[in-house]
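Just so we're aligned, residue 1 is where the sequence shown starts under UniProt numbering, counting upward by one. Here a beta-carbon is modelled for each residue, glycine too, at the ideal position from N, C-alpha and C. Since the model is a prediction, treat every value here as computed from it, not as a measurement. Only one structure is covered here, and it is reproduced in the block below.
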Amino acid sequence: MASSSFAALAALAMSCLLILLPCSVSGWSHGGATWYVPPEGAGTDGGACGVPCNWHGLDIVFKVDACSNPNYLAVLIEYEAGDGDLSAVELQQRDIGWASMQELSGAVWKYSSRSTLQAPISIRLTSGSGKQLIASNVIPSGWQAGRTYRSIVNYY
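As structure tokens, then:
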């Protein structure tokens with residue numbers, strides 16, 4: 001009984017010792033994060049600092065999330081210039097009408113389908129002030145998770 005208690009105490013002490021090691025010894029580094037929306041999760045006036053972004057000269061890109069699959073598409077929308085956050089994002093599959101995407105987190109929008117998505121896929125963005133633009137066929141046939149697709153549009 002005493003030896004099993006000692007073994008349990010030794011295991012506990014070893015786990016605590018590992019937790020207390022400095023980063024330089026353990027190989028771990030300090031974590032960091034960037035949060036682009038206020039703590040309450042509401043939208044901002046745009047950009048990381050709450051000011052409208054000016055990406056003049058850059059076209060909007062859509063980074064397809066690594067977890068996307070033939071029935072699920074999540075995209076990170078980057079370099080969207082304009083008057084603030086997007087109020088709506090929709091996609092249009094080949095030969096199908098527009099469907100609303102859901103904001104997953106920050107600039108990531110997702111769409112789940114019960115059937116295989118039909119590419120090419122167009123994406124319609126609506127800004128906070130109601131301005132719309134369409135990235136036609138921006139997600140091509142044969143699209144792949146983890147890839148980035150560049151549009152030829154932006155709010156200028």
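Identity of the residues DSSP links to Lys110 by a beta bridge: Ala74, Gln102
Anticipated Cβ contact below 8 Å, Ala135 with Val108, distance rounded: 16 Å between Cβ atoms; not a contact.
Helix, strand or coil at Arg94 [DSSP, three-state]: coil
Segment limits, beta strand (DSSP E) that includes Gln132: 132 to 139
Straight-line gap, Ser112 to Tyr156 (C-alpha atoms, nearest Å): 31 Å
Leu125 vs Val75 beta-carbon contact at 7 Å: no
Ser68 versus Gly130, Gln132, Leu133, Leu104, residue with shortest Cα-Cα distance: Leu104
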